[in-house]
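A short worksheet on the structure shown next.
Residue numbers (the working numbering), protein chains in the order written: chain A, 14 to 310; chain B, 797 to 1113.
In structure tokens form, the structure reads like this:
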């Protein structure tokens, strides 16, 4: 479509059009290109620096050891990587079923109704809530009740952030499944809940997974909601009731510290974090563009 | 739908009702989460509300030692850094959207759109890290001295160029909100019917005139929605800003001066807040931030919705 319009435009600029109008057209095009370059420049700069600064600092120690005390060289972020996995696992355990369930409700039961609209609207509102606010709420709900910071609290905060993305993605994907597919199942005498789970959701599985992955990638780098929930930890921790290190938290702590050694490790941690996120986002993108994740066929 | 319900219901009424109930529970939990957020913020901030009332938002002292709290410097910092970000991001985002939807060759469209959206996938803390070690030194040694020499007389660019400060926060926020604004602008521009473009071209317009009259004017409300959505994101952004804004509760005219935002004061002080009034004041800052971002987001959603769902906005309005 843009191709067709742009060739049309070129044909017309060939017609006698005043110089000032042609200059304005040229100027607009130039400005748009300049804007594009100015937007892409930070992207290149961020990735460039991450690779440049980070790659030299990633070694076996970094991936297998816990942080060393200030002043001692070496040490790593292994416990933070593991902690992030733990927190994300807890977050997904709460967030994914809740989000998918809410999506199913919206698509299968809440179509067109006032109540469904209210949930849809609330979900969009929740999506816009600043992550630091979610942190305060998770602090009040879990940390205050337990009396100490914990991986569980961090997981709850991330779960709250995952729900709206997953809900809307699930709803959209389920709505793509044609009514006739459901009707075929009903016609065979399959009950409604069975149809929803085994036919509709199954047909849309890959699309729902895309939504889950996007939500996952979004919260994987979240730092603000973990500051006073998971809190961070210098040692290994596998208990959900203990303060836990997380990769983004560790990057933050190291970045604002005054030590060169820690700065170096912050870059390395950031590189690992971004690689994990970009891999998941790109994989989802490629799969989606190849139609592998298209719901109904 | 009615027919399906009765058909399906005849087979496993109990299981069906159970499933319906379970899914309803999930749906209701979305409402419950938001209700819980509001409840938590309100109950935990009552102490500060009783102590300071409305004046909390007008006072500019923030003194944990004497238990005196006022949110003015944070409100100021949040607004100034966000507006600065919008000022920088909006022209760039619209330029990129125009280029991708109307100007660039088709084979370049998807890769470019994907690349700009990649900016949105970078976590805030990584932007912060990059800003501390790359952007801030650049501002300190190159950009700010020049700005100070050229525009120092405005008062906006005076004082010692630390690098860290409001300007750095505004720039990093701008980089972070460009993808949102430009992806929504692209979305609403694509929603403008093709006939609009053809009609304007048929009148002998150049490509730019076609974009301006045929596309941008019709997509105006939606673009505004995208901008406001970007504003909402900027207001609530925490980590990157916290890392470069300087974290000093002061109101200064110069953009070189350090400042503080609502989100960053919570991030920095919440886990160390001793004293109930201190904690309560921080939660009240959070409540204010929550309400503002919610209102901003609702307005934005509404504006985007008018363009993408309904007919294009009237061009003569």
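Yeah, the Cβ is synthetic: ideal placement off N, Cα and C, and Gly gets one too.
Query, Result
"Range covered by the alpha helix (DSSP H) that runs through residue 267/A", "260-268"
"Residues of its chain near residue 180/A, where Cβ-Cβ distance is below 6 Å and the 5 sequence neighbours each way are ignored", "112, 115, 116, 136"
"Given residue 153/A as reference, the closest of 1099/B, 1087/B, 1082/B, 998/B once Cα atoms are compared", "1082/B"
"Close beta carbons around residue 245/A, own chain, < 6 Å, minus the five adjacent residues each side", "258, 262"
"Where residue 1097/B meets chain A, residues with beta-carbon distance less than 7 Å", "137"
"Presumed contact (8 Å Cβ cut-off) between residue 1073/B and residue 851/B, rounded CB distance", "Not really, about 14 Å apart at Cβ, beyond 8 Å."
"Proximity test, Cβ basis, 9 Å: residue 981/B and chain A", "no"
"Integer Cβ distance of residue 944/B from residue 1040/B, believed to fall under 8 Å", "Wrong, their Cβ atoms sit about 18 Å apart, outside the cutoff."
"4-residue-minimum alpha helix (DSSP H) runs that sit fully inside the segment 916-946 of chain B, ordered along the chain", "920-926"
"Own chain, CB closer than 7 Å to residue 955/B, minus 5 neighbours either side, in chain order", "1050, 1052, 1053"
"Per-residue DSSP class, three states only, for residue 125/A", "coil"
"Proximity test, Cβ basis, 9 Å: residue 276/A and chain B", "yes"
"Straight-line gap, residue 890/B to residue 201/A (C-alpha atoms, nearest Å)", "52 Å"
"Those runs of the alpha helix (DSSP H) which lie wholly inside the segment 77-117 of chain A and span at least 4 residues", "91-117"
"Where the alpha helix (DSSP H) containing residue 871/B begins and where it ends", "868-894"
"Buried or exposed (CB count within 10 angstroms, at least 16 for buried), residue 249/A", "exposed"
"Beta-bridge pairing of residue 858/B - partner residues as DSSP gives them", "865/B"
"Own chain, CB closer than 6 Å to residue 1058/B, minus 5 neighbours either side, in chain order", "870, 874, 1081, 1085"
"Run of the alpha helix (DSSP H) containing residue 370/A, from where it starts to where it stops", "For residue 370/A there is no data in the structure shown, the boundaries of chain A being 14 and 310."
"Under 8 Å by beta carbon: chain A residues contacting residue 1016/B", "The premise fails here: residue 1016/B is roughly 17 Å from chain A at the closest Cβ pair, so nothing lies under 8 Å."
"Local Cβ density within 10 Å of residue 826/B, reported as buried at 16 or more and exposed below that", "buried"
"CB contact flag (residue 121/A, residue 216/A, <9 Å)", "no"
"Spatial distance of residue 833/B from residue 999/B (CA atoms)", "54 Å"
"Cβ-heavy atom distance, residue 147/A to the ligand SAH, below 8 Å", "Among the components modelled here there is no ligand, and therefore nothing to report on the ligand SAH."
"Under the three-state DSSP convention, the category residue 183/A falls into", "helix"
"C-beta contact flag for residue 860/B and residue 913/B at 9 Å", "no"
"Members of the segment 827-852 of chain B near chain A, C-beta cut-off 8 Å", "827, 829, 830, 832, 833, 836, 837, 840"
"Stretch pair the segment 983-1001 of chain B + the segment 905-920 of chain B: three plus CB contacts closer than 8 Å", "no"
"Cα-Cα separation, residue 29/A to residue 1010/B", "21 Å"
"N- and C-terminal bounds of the alpha helix (DSSP H) containing residue 1050/B", "Note, residue 1050/B: premise wrong, no alpha helix (DSSP H); not H, not E."
"Per DSSP, cross-strand counterpart(s) of residue 244/A", "257/A"
"Residue 1098/B - DSSP class collapsed to helix/strand/coil", "helix"
"Same chain, Cβ closer than 8 Å to residue 798/B, five either side skipped, listed in chain order", "Summary for residue 798/B: the model assigns pLDDT 46, below 50, so the residue's position carries little reliability, and this model does not support an answer."
"Backbone CA spacing between residue 142/A and residue 1089/B [nearest angstrom]", "7 Å"
"CA-to-CA distance, residue 193/A to residue 809/B, given in whole angstroms", "22 Å"
"Range covered by the alpha helix (DSSP H) that runs through residue 66/A", "32-67"
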